[in-house]
Amino acid sequence: MALAQNDPAGELRRHVAAFLATHDPATMERLSFLRARYDAGLAWVAFPSGHGGLGLPGALQPDLDRLFAEAGAPDNNPRANIIGLGMAAPTILAFGTAEQKERYLRPLWTGEEIWCQLFSEPGAGSDLANVATRAVRDGDEWVVNGQKVWTSSAHTARFAILVARTDPDLPKHAGLTYFLCDMADPGVDVRPLRQITGEAEFNEVFLTDVRIPDAQRLGPEGGGWKVANATLNNERVAIGAAAVRESGIVGLVASTWREHPELRNTELHARLLKLWVEAEVARLTGQRLRQKLALGQPGPEGSAMKLTFARLSQQLTGLELELLGEEGLRYSDWTMVQPETVDFAGHDAGYRYLRAKGNSIEGGTSEILRNIIAERVLGLPAEPRVDKHRPWRELAR
Amino acid sequence: MALAQNDPAGELRRHVAAFLATHDPATMERLSFLRARYDAGLAWVAFPSGHGGLGLPGALQPDLDRLFAEAGAPDNNPRANIIGLGMAAPTILAFGTAEQKERYLRPLWTGEEIWCQLFSEPGAGSDLANVATRAVRDGDEWVVNGQKVWTSSAHTARFAILVARTDPDLPKHAGLTYFLCDMADPGVDVRPLRQITGEAEFNEVFLTDVRIPDAQRLGPEGGGWKVANATLNNERVAIGAAAVRESGIVGLVASTWREHPELRNTELHARLLKLWVEAEVARLTGQRLRQKLALGQPGPEGSAMKLTFARLSQQLTGLELELLGEEGLRYSDWTMVQPETVDFAGHDAGYRYLRAKGNSIEGGTSEILRNIIAERVLGLPAEPRVDKHRPWRELAR
Amino acid sequence: MTALNLLYTDIEDDLRATLRDLLADLCTPAAVSAVYDGDRSLVAPLWKAVAADLGLAGLLVPEALGGAGASAREAAVVLEELGRASAPVPFLTSAVVATMLLLNAGDDLLPAVASGERTAALAIPLSTAPHALLAAVATDSQQRLTGVVTSVAGAAEADTLLVPASTADRIALYAVPVASASVAPVVSLDMTRQLADVTLDYAQGRLVLADAEPAIRAALRAAAALLASEQLGVSRWCLETTVAYLKERRQFGRPVGGFQALKHRLADLYTGIESAAAAARYAAAALAAGDLDLPVAASVAKAFCGDLAVLAAEEAIQLHGGIGMTWEYPAHLYLKRAKADQLALGTPAEHRAQLAELVDLTMRAPGA
Amino acid sequence: MTALNLLYTDIEDDLRATLRDLLADLCTPAAVSAVYDGDRSLVAPLWKAVAADLGLAGLLVPEALGGAGASAREAAVVLEELGRASAPVPFLTSAVVATMLLLNAGDDLLPAVASGERTAALAIPLSTAPHALLAAVATDSQQRLTGVVTSVAGAAEADTLLVPASTADRIALYAVPVASASVAPVVSLDMTRQLADVTLDYAQGRLVLADAEPAIRAALRAAAALLASEQLGVSRWCLETTVAYLKERRQFGRPVGGFQALKHRLADLYTGIESAAAAARYAAAALAAGDLDLPVAASVAKAFCGDLAVLAAEEAIQLHGGIGMTWEYPAHLYLKRAKADQLALGTPAEHRAQLAELVDLTMRAPGA
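Top to bottom, those sequences are chains P, F, Y and Z. Following the UniProt record's numbering, the numbering of the first sequence begins with 1 at its first residue and continues without gaps. Following the UniProt record's numbering, the numbering of the second sequence begins with 1 at its first residue and continues without gaps. Following the UniProt record's numbering, the numbering of the third sequence begins with 1 at its first residue and continues without gaps. Following the UniProt record's numbering, the numbering of the fourth sequence begins with 1 at its first residue and continues without gaps.
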C-alpha cells in the first residue's frame, strides 16, 4: 500500500479502469452511469469516500475527467451547474450535516438538480454583509422575505444557497444565517434581469413568505457570514487561467489580426503585442497558482488572478473593436434572450466588449479584490469602519 | 478715460512708452533701471500702485515683459528667485502690513533679495499642518527651533517664508503662525540635500534659537495655516503650461526621434505619438486655464494641470531612455553640485528621467492634488480624519 | 496658434441651456433605450424639435441662405449636449456633413435642409477617417449609380443621400432620393446613431459636385473635429452621473464616493475631461476660424477625446457596480455611444498615425 | 508547455537564504551607494565572497569541470537576490554569459572562471538584444583584433575579455587579456553594473570559437531570460520596502499605508509581481530544461519583468514621497538598476517586436 500512497495518479487510474470494466458507457443509460460513477467515488476526486470522492489530491481532477472523456463516457454538463459544482458543493461538504450531504451532493453532481446563489441584493453588493433579506423563525421553519439580484440560473435552478438576516439587532456580520432554499417554493418569484448586452443572463429573485425547514439551515444560526465567505473563496479560486497559450479572448483577437492584414496599424500592433504578453504571463501565473494549490499552498493569489483576468478581457475586447473598425460598429442582436451559459467566443466582438465589463464586477469587484490583497496579503491597515460593531438595524442605508 | 478703462493693453503700452522715454536701458545702470521700473508700477502689472503695479489685469503681464524685452531692457533674472516672485510676493501683498510691503517687495522684485520657503519638514510633507518647528514668544521676538527640508535656494536666499508652531495645545491647523525669517541669523544652518540625480538642488535647514522680530510675523498669531495655503495656491497656479507646441520635454524627445531614424521601433512610435497628443492637449489646457484666469474665473484646474504635467514629464523621459537604448545606459556626471536653477534641457536624458520623478512630489504630491480635486471640485466626501480637532501635542507621530 | 478663444461665449452658453432644457423634456433615457428594441418613435419628433423648432439644422448656414449664420463653435456646443443626452438625431450627418457639402456646392437643396424640412446624409461608411481611402460607387454615362455602401450613418433618417461616385479620374458627388435607393437598417453597436447599408442599382443621380474629394474630406474633417465635442458631452455625463451616484450610494456604512481609491480615479477622470474640453474647443475654434492648424487640431481632438469618452463610460459602468451593467440604468447607452464614437470617422490610432505625417514624426527615415 | 515547475524547490530556497544572509552582511546600501562616487571598495571582496566562497561563479558548470553542476533555475534565484540587494557584482556577465560561451567551446579557461579565480566578460554593448545585429571588431590574419566596443558590462571587473570579431563570412570569438585592451570605465545610469568602453588596437587574441554567432546569441538569450529574475528581485525589494515604510509613516494622524488609493496601487503592484514571478520562473525553467519554447519564454519574461521592475521602482519612489528622492535613502539605487535593466539585452519594445515574429503576429501580410 505504500506504493499506492506514493502514486495517487496510478491509484486513480486503477480505480477508473476497474469501474469502466463493469460500467460500459456505450451501453449504460447516461444518468445511471453518472450515479454509479458518483457512488464509486469517481466524481470529485478530492471529496471523501461516500460523497463522490476518494480523498485523493485535487490536482488529479483533470486526469480523472480526461480518463472518462477518453473512454467516451457522458459528462455531467458542468457548464449548466457552475454555481452548484463550484460553490454550493464544497460549502455543503464543509458545513453540511450528514443528512444534508447525503441528500444534496449526488443529484447536484449528476446535474439532476441545478443550484443558484441568492447572496447579492440591491443594497448589498460589495458590502455583502449588509443583506436585508429577513428570515424569521416560525417553529421548525424559517419565513423569508426580501429581494435578491444578479442570480444566474435562477430560472433553471432547483435549489439555492441563500444568505439572510436572522437577527437585525446584532452587528451586521453577526446576524446572518445561511440556508439551502427550495426554488420551487411558491413564494419564489424569478424575474429576468436584462443587462448591457441585451440578454438577461441574470435574474432578480423576489422572496415572499418563502418557508425553509430549519433542517435546510447550513451551519449555525448567526454563522452565515463565515459560511458565505467560504463559498466566495471557492468562487475566486475557481476562476482559473487557461492552460494552453492563446486560449480565450487573446486567441480570438490574435486570429482577427492574422486573418485581416487590411486592418493592421502600428499602434494597434503595439497594443496587441503588449496584451499578448500580458495574457501569456497570466496563463503562466494561473499555472503557477495551480501548482501551488496542488502542493497545498493555497494563497490569496486567486484574487490577483481574477483582477488580471478582468483587466485583460476588457482591454482585449476593446482593442478588438478598434481593430475591426467598421465591423465593430455593427452588432449581432439586441433581442432579450435568457442564455443558459456565458459564451464569449460564440458572440460578436461587440457583445464580448460589453459582457467583459461585468468581469470586474461579478464575483467580487476589482476594488474589493484590491482591498483584500492590500489588507490580507500585504498587511496594510484596514479602512476606518463605522459599521462593524453597531446593530445592523441602526446603520444608515 | 472710458477709453482707457476699456483698453487696458493700450493704457499699459502708453505707460511703458512714457517710462522708456525717460529711462534708457542702454545707458542706465541695471539695478537703477529695475528700481525705477518698480517705482513706475511696471513690475507686476496686477499689483496695486505703490507696490510695483498699476492694478491692471494680470493677463497683461506677458505683454508688459515683452515690451521691456523688446526695448532691450535688463530683466530681474526671475529664474533665480522663483519662490520669491511666485510665492512670497503675492502672500506678502495679501497679508502683509504696510511696512512689510514697503520693506520687502521692491528688493524682492529687483532680485536684490532672494527668498526661499521653510515649510516642509521630515514629519510634515503632504501633511503640512503637522509642522513641529516651534516658535516661542520672547518679548518682541520669537525664538524658533526645528528642522526644515526640501528648501531650494536656501544657500542663496536672504529671507525665507516660514511656518512654525506657536501653540501645540491647539488642534494642528490652529496652532501655526507664518513668519518672514532672516536667513542671515546665526541660528540658521543650511546643509545641501543630495538627491537622486547626484545634485543637491535642495537643502535641509536647521533652525537653532533663531530670533525673529514680531514685526516679521505675517498675518495673525495662529493664522499660519490660512496664509500658508494662500502661498501654496499661488505655487500651483504658477506651474503653467507652455504656449508653443512641442516646447519642453516633448520637444526634446521629438527631436531625438527625428534625428535618429536608426533608433525607431513601432512600439516606441505608438507611445511617442500618444504622448505627443497628450502634451499638445496639455498645452491647450494650459492656454484655456490662462484664458479663464484672465477673465477672473480662477478654478482648481491648476491642480489638474500640475497632475498632467508631472505624469507627462515622467512618461516622456522614460520613453526617451528606451528610445536611446545604449546611450540611455550612460550618464553624464554623478558629482554632487549645487545648481542655481532646475534645467531639464541642459542635462542628458538620464538626468531628466530621474529629476522628473520629483515633479509628482514637489509642490504637492499627485496624491494630495487628487484629494483636492475630488473634494473641492467634485464635492466627494473627505477622508475620515482623526487628527483635526485634537490638540497637536496629543497626536501620534 | 494662441489667439483662439477656448472658452464658451455667452451666446454659446445660452444655446446650451435652451437645448439642454428641450432634451431633458423630450429625450428621456427610457425613450432612448427603446430604440434598441426597434421603437424609434422618439426619433422623428425629437429631430423636428431640434432641427426645425430650435432651428439647429441651419446652424452652419448663412442667414442669407435661410440659416442661423452661426459657426462651428456653436455646432460643437450642440454636439456636446446631444452627446450628453445620447440623443438619436442626425445632426452630425445632416446639419454638419451634408450641409457643408451642399454649402460648398451652392446646391439648391440647401434651404430645405437648413430649415429642417429635408434631411440629407453622405453615403459613406461611418468609420471613414478624413484622410482614408474614400468608398465610391460606380457611375455610368447617364449619371446612374450602382454599388453598395455599408454602415452609413444618418441614411435611415434622410430623404436625400449624397453619394460619392467614381468618374474617369476623380470622385463626384451625386444627390439621390432615398426612394431610388435601398436603405437597409443595420443592427448597430450604438443604436442612437443607427447605421444602414445603402444599395444603389442604376439609381438616377443628380450631380452636386464634379470634383468632390476635397469637399468630402473637408466635411469629414469637420465632423471629426466636432465629434470630439460630442465625446466631451458623453464624458461629462459619465463623470457627473457617477459622482452624483457615489455620493448617495452607501456600502460599509459610508457613501461609496468617500473611498479614496474611487476619489482618485474620479479626480483623474476630471483631469482628463478638462483636457478634453481644451482639445475639443480648440478643434471647434480652429474650424470656425478656418485656421491652417485645423488638420492637427482635428486629429488631436478626435484621438484624445475619443479615448477619453470610452474611459469615462467604462469608469462609469465600473464605479456604478452592478447597476451600471443593467439595461434599466442609462449608463450602457453612453458606453455604446462612446465606443462607437471612438470608431467613427477614424479611430484614435488612425488619427495619431495621421498626426505622425502632419508633424513629421513618422517611422520613415527623412527623405524616404 | 505545462510540465515545467514554476515554484521554488527546497534547494533553491536554501540557496536564496544563504546568499541573502551574505548580502545582508556585506552589501549595505551605503556601500552600494558609494560606487556612484567612485568608491568601488565593495566590489572585489563581495564578488570574491559570492563567486569563490559561495561557489556561485561555477553554478552553471558541471561538477566534472569544477563547477556546482546546477541549472539556470538556481542562477535565476541568485539573480533575484543580487537584484534585491542591488549588488555590484559581475555574476550575469561572467558566471552566466561568459561561462556559457566557454562551456560551449570547451575552453581551457573554464575551470578558472568557474572557481572565481578569473573573471570574464563578453565584449558587446549591454543594450544588445539576443536577436539584434551583433557588434564585432575587425581581425587580421594573425588574430590581432582592432576596434571599439562601447558600453560593455562586466569589462571593468574582468581579467579576460571574450571579443566577437568578424572573419570572412562569420563572427568568431577570441579571448583577450584585459592587459592587451584599453578598458575605459563609463559613467553609467546604473553604477552597480558599470559599463566600460573597450578599445582594441592590434590586440593579440586567442581563438575560442570559430563560428560563434549561435553561441553568442544563445548566451544573450539566456542572459535575457535570467535578467527577468533580477528584475523580479528588484521589484520585490521595492514592494516590500514601500509596504513596510507606509505602515510606519504617518500623515494626517494615520499610517499612510491605510489610505485606500495607495493600498489599491500596492495591490496592483503585488498582482504584477506575482505575474512577473510566473514569467521569470517559466523562462528560467525553460532555459534549464532546454525547452524549445525558450525564445518565446525569454522574450515574454524580459518584456514583462523589465517594465514591471521600472513600475515597481517608480511607485516606490513616489509612494515614499520626498525621502525616496534623496541620495541617502536606497530607493534611488533600485530605480537606476530597474531602468538600466529595462534597456539591457533588448528593451521590452524590442522583445515584443521579436515575439511578433515568433508567434506570427507581425505587421506584414502573410507570405510577404
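Cβ atoms here follow ideal geometry from the backbone N, Cα and C, with glycine treated the same way. Given the structure is predicted, the values throughout are model-derived calculations rather than measurements.
Measuring C-alpha to C-alpha distances from Val-77/Z to each of Thr-347/Z, Leu-343/Z, Pro-185/Z and Ala-280/Z identifies Ala-280/Z as the nearest.
Pairing Arg-352/P with Thr-317/P gives a Cβ-Cβ distance under 9 Å. Listed in chain order, the non-local C-beta contacts of Ile-124/Y below 8 Å within the same chain comprise Leu-134, Ala-135, Val-149, Val-152, Pro-164, Ile-216 and Leu-220, local neighbours out to five positions each way being set aside. Ile-82/F has a beta carbon lying at 9 Å or more from every beta carbon in chain Y. With respect to chain Y, the C-beta atom of Gln-318/Z has no partner C-beta closer than 9 Å. Residues of chain P whose Cβ lies closer than 7 Å to the Cβ of Val-300/Z are, in chain order, Val-277, Glu-280 and Val-281. Along the region 339-353 of chain Y, going in chain order, the ones with a CB nearer than 7 Å to a CB of chain F are Arg-352.
DSSP, reduced to helix, strand and coil, places Phe-119/P outside both helices and strands of the structure shown, so it counts as coil.
Inter-residue distance for Val-35/Y and Arg-283/P is about 41 Å (C-alpha atoms, whole angstroms).
Between Gly-306/Y and Asp-341/Y, the CB-CB gap stays under 9 Å.
The beta carbon of His-15/P does not come within 9 Å of any beta carbon belonging to chain Z, so the residue lies off that interface.
Per DSSP, Thr-241/Y is one residue of the alpha helix (DSSP H) stretching across 213-248.
Closest in C-alpha terms to Leu-162/P, from the list Arg-35/P, Trp-150/P and Val-244/P, comes Trp-150/P.
By a beta-carbon distance limit of 8 Å, Leu-263/P contacts Leu-323/P. Their separation comes to about 5 Å. Annotated three-state conformation of Ala-165/Y is strand, per DSSP.
Glu-240/Y and Leu-207/F have their alpha carbons spaced roughly 48 Å apart. A residue is called buried once 16 or more other Cβ atoms fall within 10 Å of its Cβ, and Leu-64/P is buried on that count. Listed in chain order, the non-local C-beta contacts of Ala-254/P below 8 Å within the same chain comprise Glu-246, Leu-272 and Trp-276, local neighbours out to five positions each way being set aside.
Distances from the alpha-carbon of Arg-16/Y to those of Gln-194/Y, Ala-138/Y, Leu-82/Y and Gln-204/Y put Leu-82/Y closest.
Gly-346/F is classed as exposed because its beta carbon has fewer than 16 other beta carbons within 10 Å across all chains shown. Residue state for Gly-146/P is assigned as strand, using DSSP reduced to three classes.
Under the DSSP assignment, Arg-37/F falls in the alpha helix (DSSP H) whose first and last residues are 30-39.
Unbroken beta strand (DSSP E) runs of no fewer than 3 residues, entirely contained in the region 120-208 of chain Z, are found at 120-122, 137-139, 144-153, 160-166, 171-177, 182-185 and 195-204, following chain order.
Scanning Tyr-8/Z, Gly-116/Z and Leu-109/Z for the CA closest to the CA of Leu-46/Z turns up Gly-116/Z. Pairwise C-beta distances place the region 227-244 of chain Z in contact with the region 313-326 of chain Z, as three or more of them are shorter than 8 Å. Burial check for Lys-302/Z: the Cβ neighbour count within 10 Å reaches 16 or more, so the residue is buried. When the beta-carbon positions are compared, Ala-120/Y and Ala-87/Y stay at least 9 Å from each other. A residue is called buried when at least 16 other Cβ atoms come within 10 angstroms of its Cβ; Leu-292/Y does not meet this threshold and is exposed. For Arg-37/F, same chain residues with a beta-carbon under 8 Å away, outside a window of 5 residues either side, are Phe-19, His-23, Ala-43, Phe-68 and Ala-73 in chain order. In the DSSP annotation of this structure, the continuous segment of the alpha helix (DSSP H) that includes Leu-284/F starts and ends at 266-294.
Taking a C-beta distance under 9 Å as the contact criterion, Ala-175/Z and Leu-161/Z qualify as a contact pair.
Near chain Z, meaning a CB-to-CB distance below 9 Å, the residues of the region 256-285 of chain Y are Phe-259, Gln-260, Ala-261, Leu-262, Lys-263, His-264 and Arg-265. Residue Leu-193/P holds the alpha-carbon nearest to the alpha-carbon of Tyr-329/Y among Val-144/P, Leu-193/P and Lys-101/P. Look at Leu-207/Z: its C-beta is not under 9 Å from any C-beta on chain F.
With contacts defined as CB atoms closer than 9 Å, Ala-365/Z and Pro-90/P fail to qualify as a contacting pair. Gly-324/Z places its beta carbon less than 9 Å from that of Ala-331/Z.
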